[in-house]
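If you're matching them up, the sequences are chains V and X in order. Counting the first sequence from 1 gives a position; our numbering is that position plus 7. Counting the second sequence from 1 gives a position; our numbering is that position plus 172. Built from N, CA and C at the ideal position, the CB exists for glycine as well. The structure appears right after this line, and notes come after that.
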Amino acid sequence: DQQVKQNSPSLSVQEGRISILNCDYTNSMFDYFLWYKKYPAEGPTFLISISSIKDKNEDGRFTVFLNKSAKHLSLHIVPSQPGDSAVYFCAASAEDSWGKFQFGAGTQVVVTP
Amino acid sequence: NAGVMQNPRHLVRRRGQEARLRCSPMKGHSHVYWYRQLPEEGLKFMVYLQKENIIDESGMPKERFSAEFPKEGPSILRIQQVVRGDSAAYFCASSPWPGTASREGYTFGSGTRLTVV
């Protein structure tokens with residue numbers, strides 16, 4: 008039962024342009040959503056999070072938007088840089104889940120010159 | 173301040189052997205989580221442990237897999253009688269407490285890549 012879905016396995020974007028990554032979820036009990044970034048042969052690194060009581064959170068070049076009615080969130084990266092080339096995972100946790108996360112399958116982002 | 177340390181980085185086992193994966197959490201972190209990433213898939217939760225306690229093992233296969241986090245030493249994920257389908261990357265993460273993890277995410281280790289031949 009895949010509760011968190013990332014339907015785009017890959018995304019190619021030109022350096023300097025905006026990257027938009029999408030994530031859908033099915034469990035209405037999720038109260039925190041996070042994005043992780045992962046380079047090959049490394050562990051995932053926390054990027055940004057958003058609480059279910061908010062609809063937007065911004066940190067530098069990264070902004071996460073949450074649409075609870077649509078059960079959809081997105082990550083915007085502006086401007087995209089070569090170092091942003093990585094796999095991005097969307098993850099969600101429920102209040103009673105003791106910090107246990109459901110992860111999406113990931114989106115491979117490639118930033119081209 | 174060292175991060176989450178996992179060893180070995182790579183582990184090759186023949187079918188039927190045992191695999192032991194070790195994880196030392198960040199200093200001051202007493203909550204450890206194990207995740208598995210199969211090829212072309214996202215991370216799947218396996219088990220959540222505190223010192224000497226298994227809190228949530230809902231993601232652990234019912235047979236051959238076990239985990240511990242003793243009072244002293246690293247957390248151990250043990251896979252007995254490995255099969256080819258166990259080949260995956262196993263990641264450990266730690267946090268000071270679960271509430272922090274929900275808001276600020278875990279700190280993950282670099283993972284152990286298990287290959288069963």
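Ignore the nearest five residues each way along the sequence and tell me which others in residue i's own chain have a CB closer than 7 Å to its CB.
{"i": "X:Val-255", "result": "Arg-187, Val-288"}
{"i": "X:Ile-227", "result": "Tyr-220, Leu-221"}
{"i": "X:Val-184", "result": "Thr-287, Val-289"}
Going by Cα to Cα distance, which pick from the options is closest to residue i?
{"i": "V:Ala-77", "options": "V:Ser-35, V:Gly-23, V:Glu-22, V:Leu-28", "result": "V:Ser-35"}
{"i": "X:Gln-178", "options": "V:Glu-49, V:Gly-23, V:Lys-45, V:Asp-31", "result": "V:Glu-49"}
{"i": "X:Gln-222", "options": "X:Ile-248, X:Gly-277, X:Phe-263, X:Glu-235", "result": "X:Ile-248"}
{"i": "X:Ala-261", "options": "X:Leu-215, X:Cys-195, X:Lys-243", "result": "X:Leu-215"}
{"i": "V:Ser-59", "options": "V:Asn-29, V:Asn-74, V:Lys-45", "result": "V:Asn-74"}
{"i": "X:Thr-279", "options": "V:Lys-45, V:Asp-66, V:Gln-10", "result": "V:Lys-45"}
{"i": "V:Leu-54", "options": "X:Arg-208, X:Gly-277, X:Val-204", "result": "X:Gly-277"}
{"i": "V:Tyr-95", "options": "V:Gln-10, V:Gly-111, V:Gly-106", "result": "V:Gly-111"}
{"i": "V:Ser-90", "options": "V:Ser-104, V:Ala-98, V:Gln-109, V:Pro-47", "result": "For clarity, residue 90 of chain V is Gly in the given sequence; the question names Ser instead. Closest by alpha carbon: V:Pro-47."}
Could you give the first and the last residue of the continuous beta strand (DSSP E) run that contains residue i?
{"i": "V:Ala-112", "result": "Where V:Ala-112 is concerned, there is no enclosing beta strand (DSSP E), given that its DSSP letter is neither H nor E."}
{"i": "X:Trp-206", "result": "203-209"}
{"i": "V:Thr-70", "result": "69-74"}
{"i": "V:Phe-53", "result": "52-58"}
{"i": "X:Lys-216", "result": "215-222"}
{"i": "X:Met-177", "result": "177-179"}
{"i": "V:Val-85", "result": "No beta strand (DSSP E) contains V:Val-85, which DSSP labels as neither H nor E."}
If you run the structure through DSSP and keep just helix, strand and coil, what is residue i?
{"i": "X:Glu-235", "result": "coil"}
{"i": "X:Arg-285", "result": "strand"}
{"i": "X:Asp-258", "result": "helix"}
{"i": "V:Ala-101", "result": "strand"}
{"i": "X:Ala-191", "result": "strand"}
{"i": "X:Glu-240", "result": "strand"}
{"i": "V:Glu-65", "result": "strand"}
{"i": "V:Ala-93", "result": "strand"}
{"i": "V:Ala-77", "result": "coil"}
Return the chain-ordered list of same chain residues with a C-beta closer than 8 Å to the C-beta of residue i, the five sequence neighbours on each side being excluded.
{"i": "V:Ser-56", "result": "Tyr-39, Phe-40, Leu-41, Trp-42, Asn-64, Val-71"}
{"i": "V:Ile-25", "result": "His-83, Ile-84, Val-85, Pro-86, Ser-87"}
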